[in-house]
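One structure is given below, encoded as structure tokens.
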Amino acid sequence: SHQVLAQLLDTLLVIGKKLQENPAVRGHLVDVACKHLTDSSHGVRNKCLLLIGCLGTVEKAGGLKEVDRQSPKDVQKIIGDHFSDQDPRVRSAAIKAMLQLHERGLKLQQAIYNQVRIVSDITLAKGSNI
Numbered sequence: 018s019h020q021v022l023a024q025l026l027d028t029l030l031v032i033g034k035k036l037q038e039n040p041a042v043r044g045h046l047v048d049v050a051c052k053h054l055t056d057s058s059h060g061v062r063n064k065c066l067l068l069i070g071c072l073g074t075v076e077k078a079g080g081l082k083e084v085d086r087q088s089p090k091d092v093q094k095i096i097g098d099h100f101s102d103q104d105p106r107v108r109s110a111a112i113k114a115m116l117q118l119h120e121r122g123l124k125l126q127q128a129i130y131n132q133v134r135i136v137s138d139i140t141l142a143k144g145s146n147i
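Going by my numbering, the first residue of the sequence shown is number 18, and it counts up by one from there.
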């Protein structure tokens with residue numbers, strides 16, 4: 018069920034946070050989350066985005082480490098693609114996931130800031146909350 022999958026993703030996030038120093042595990046958990054982003058349940062998509070925001074990595078000045086599975090542009094693109102999700106709860110989760118990357122000190126692409134601003138403006142114009 019969707020609820021069980023969402024709880025499983027929560028558990029994977031806890032495991033990933035405990036193993037932050039293991040890029041192979043982190044990369045695998047991000048891969049799992051990416052695979053479930055197409056789930057029909059907003060709750061599952063929210064948990065996937067949360068996991069990606071907490072565990073995803075972006076490129077450092079020296080380039081990607083060999084063990085990183087997901088390129089930094091892809092992680093940001095994957096999250097950014099959900100800024101326009103049909104469900105406002107998923108859009109909100111995507112913005113929060115991107116904020117997580119930023120709060121972890123990871124450098125975001127300039128286009129992401131513009132994308133968030135546009136989505137926020139559109140959402141406010143419609144009168145709903147993100």
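C-beta: ideal position from N, C-alpha, C; glycine also.
Every value quoted in this text rests on a predicted model; they were computed, and no experiment measured them.
Boundaries (first-last residue) of the alpha helix (DSSP H) holding residue i
{"i": "residue 44", "result": "40–52"}
{"i": "residue 109", "result": "105–120"}
{"i": "residue 73", "result": "No alpha helix (DSSP H) holds residue 73; DSSP gives it neither H nor E."}
{"i": "residue 19", "result": "19–35"}
{"i": "residue 13", "result": "The structure shown does not extend to residue 13, since the chain is modelled only from 18 to 147, so the question has no answer here."}
Cβ distance (whole Å) where residue i is taken to contact residue j below 8 Å
{"i": "residue 59", "j": "residue 26", "result": "So it is not a contact: roughly 13 Å between Cβ atoms."}
{"i": "residue 114", "j": "residue 66", "result": "4 Å"}
{"i": "residue 107", "j": "residue 119", "result": "With a Cβ gap of about 19 Å, residue 107 and residue 119 do not count as contacting."}
{"i": "residue 110", "j": "residue 39", "result": "That pair is no contact at about 25 Å."}
CA nearest to the CA of residue i, picked from the options
{"i": "residue 121", "options": "71, 31, 132, 62", "result": "71"}
{"i": "residue 20", "options": "56, 35, 116, 46", "result": "56"}
{"i": "residue 126", "options": "74, 47, 39, 68", "result": "74"}
{"i": "residue 48", "options": "105, 118, 68", "result": "68"}
{"i": "residue 93", "options": "104, 102, 112, 103", "result": "112"}
{"i": "residue 128", "options": "117, 96, 29", "result": "96"}
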